[in-house]
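All letters in the sequence shown, in the order written, are residues -8 to 170 by this note's numbering. Virtual Cβ for every residue (Gly too), placed ideally from N, Cα, C. Here the structure is a predicted model, which is why all the values come from computation and not from measurement. Presented below is the structure to which this report refers.
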Amino acid sequence: MSHIYAVGDCAEGIPELTPVAVQAGKLLAERLFAGKNKLMDYINVATTVFTPIEYGAIGYSEEAAIAKFGDENIEVYHMQATPYEQTLIEVREEFPAYVKLIVNKADDERVIGFHVTAPGAGEITQGFAVAMKLRATKQDLDDTVGIHPTTAELFTQLNITKRSGKPLPKGGCPSCAST
């Protein structure tokens, strides 16, 4: 039945989020009544779980990226840290931040997955959603000057891959070691 359309929570297999339904409805209306042809991008929807330490994500999980693009084409950069902004206000025995980028090596290390667990992860994730929409690569992030001291700056400093087997650093602010 080509004349029946579904958006929002009744549509099967898509994120059940109000902003997703709003965007999908807007794009459907533009296709039906404005002669446009843009489809909803359900892969790069930025989401956040608002728990005491927030989790934000965009794009593919590590497992889904491997399933779609093949293990040989995926690289995962990651880091745990105590960003300097947190060390100024409290002392913690654990690392309050974990960041991870999943990139497609076969596509110039284009970022296809973004994950962050940290205070303020929702705000961080929203900003990176634009970068992923514009098909940012790992090099684009490496070439970006990070705002210091912030958690988001950690994405401009990632240099350890899971594949390398190197341990994650056990210190605080990674860039503070050189300053």
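State the DSSP-derived secondary structure class of Asp0, mapped to helix, strand or coil. When DSSP states are grouped into helix, strand and coil, Asp0 belongs to the helix group.
Outcome for Val121 when other beta-carbon atoms lying within 10 angstroms are tallied against a minimum of 16: So Val121 ends up on the exposed side.
According to DSSP, Met(-8) sits in a beta bridge with which residue or residues? Bridge partners of Met(-8): none, in fact.
So for Glu53, helix, strand or coil by DSSP? Helix at Glu53.
Residue closest to Asp62, alpha-carbon to alpha-carbon, out of Ile34, Asn95, Gln71, His69: Ranking the options by Cα distance to Asp62, first place goes to Asn95.
Does Arg22 come out as helix, strand or coil in the three-state DSSP assignment? Correct three-state label for Arg22: helix.
Can the beta-carbon of Ala2 be found closer than 9 Å to that of Ala15? Their beta carbons are under 9 Å apart, which means Ala2 touches Ala15 by this criterion.
From the DSSP secondary-structure annotation, give me the bridge partner or partners of Gly104. Gly50, Ile93.
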